[in-house]
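At position 163 of the sequence shown the residue is numbered 209 (the working numbering), and the sequence of numbers has no breaks.
Ideal Cβ positions, reconstructed from N, Cα and C, are used throughout, including at glycine.
Report on the following structure.
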Amino acid sequence: MYIDGVFSGGGVKGFALIGAYQAIEERGLKFKRIAGTSAGSIIACLIMAGYSSKELLKIMEEIDAIQFLDPRKLLFKNPVSKWILLYFYMGLYKGEALEQWLSVKLAEKGVVTFADLPKESLRVVASDLSRGRILTLPDDLPVYNYDARTFPVAKAIRMSCSIPYFFEPVKLKTQNGTAVIVDGGVLSNFPIWLFWGQNNLRRKERPVLGIKLSAKDENAQQNKIYNAIDLFGALFETMKDAHDARYVSRKHEKDIIFIPVEHTLSTEFSLTEEKKLQLTQIGYETAKSFLKSWCY
């Protein structure tokens, strides 16, 4: 049976999405459309390109998340050099390594641009800081004078994954100047609203299944704030969840798999193989348990 899916962001916690996808495949469910943010957009595009959960598990075993951390070369090595680069480039890492890796993986399935995917099968969320708005790709590309049919999917995913100050933002040249694009999680980390109509009512085309990399609100851990850094982290977490909270009521929770991965940091790129497998297993077991009683 075909369903629509929504994958939340969560940085390296996204390995749990692969496990959830495995359980979904075992249940005989297939995705017709998927919307995703940040890490969720990575898994979403690979699924829409034709990767099975078995193939994604193999890819997971092969990659080291550290390979995606690509800092700019420093001409002079001193304690303040990287902060100077951060000031001018707005990110510690370029983000090009992730985009290039993704380009290769998509090309192996014959996917380069959105025209190579089934029509309306993939929707990716990013944040346009220049205009102060949510950016949905490929839908909003014409607003920036770009043709969705020729726009690289890997570039769109790179835009959705640009964690502020961690990865450099993507700069899109437009007729009105340059748009600065960052991680979709800044404005919508769980874009389930893309598959819900007016008045928060679900569209009746097919069942919608959400996969959220966090516990339910009542089980969520309280932010501990002791200093300015803690305050920034709590501010970011609150900001990225506030918009989506309007769409996730108790009525909708019956269609959402909440995967408890709070003990892993989104930017914990030095994950051990054991930790990756643990995340995958949590995703698999949580999804398998949920699907046993899911009434769609």
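Of the residues assessed, E107 falls on the exposed side of the cut-off, its CB having fewer than 16 other CB atoms within 10 angstroms.
Rounded to whole angstroms, the Cβ separation of F77 and G137 is 31 Å, and the two are not in contact under 8 Å. Taking a cut-off of 8 Å on C-beta distances, the region 108-115 does not touch the region 168-184, as fewer than three cross pairs fall below it. Taking a C-beta distance under 8 Å as the contact criterion, L175 and V216 do not qualify as a contact pair. Taking C-beta atoms as the reference points, S316 and T83 fail to come closer than 8 Å. About 7 Å separates the CB atoms of V307 and G56; that is less than 8 Å, so the two are in contact. Fewer than three beta-carbon pairs drawn from the region 50-66 and the region 127-147 are found closer than 8 Å, and the two stretches are therefore not classed as touching.
Considered as a whole, the region 178-225 harbours 179-183, 211-213, 216-220 as its complete beta strand (DSSP E) runs of no fewer than 3 residues, in chain order. The beta-bridge partner set that DSSP reports for Y48 consists of K76.
D229 is bridged by DSSP to A172. Remark: C-beta atoms of A66 and G329 approach each other more closely than 8 Å. When DSSP states are grouped into helix, strand and coil, I305 belongs to the coil group. Within the DSSP secondary-structure output, L255 pairs in a beta bridge with G51.
In the three-state reduction of the DSSP assignment, Y135 falls in the helix class, which pools H, G and I. Separation of the CB atoms of K334 and I305 is rounded to 12 Å, and the pair is thereby denied contact status at 8 Å. Sequence-distant Cβ neighbours of F114 in its own chain, meaning closer than 6 Å and more than five residues away, are A143, L144. Beta-bridge analysis with DSSP links A81 to V52, R169. Here I203 is not near G256, since their CB atoms are 8 Å or more apart. T159 is bridged by DSSP to P198.
A Cβ-Cβ distance of about 6 Å is found for the pair G141 and S208, placing them in contact under the 8 Å criterion. Q324: member of the alpha helix (DSSP H) spanning 319-337, first to last residue. Residue burial is scored here from C-beta neighbours: S87 has at least 16 other C-beta atoms within 10 angstroms and is therefore classed as buried.
Rounded to whole angstroms, P117 and I70 show a C-alpha spacing of 37 Å. Boundaries of the alpha helix (DSSP H) around V150: 142-153. In the three-state reduction of the DSSP assignment, W340 falls in the coil class. Proximity to L148 across L92, Q221, L277 peaks at L92, based on C-alpha coordinates. Cβ neighbours of A161 within its own chain (closer than 8 Å, five residues either side excluded): A194, R195, T196.
For K100, the enclosing alpha helix (DSSP H) has its first and last residue at 99-108.
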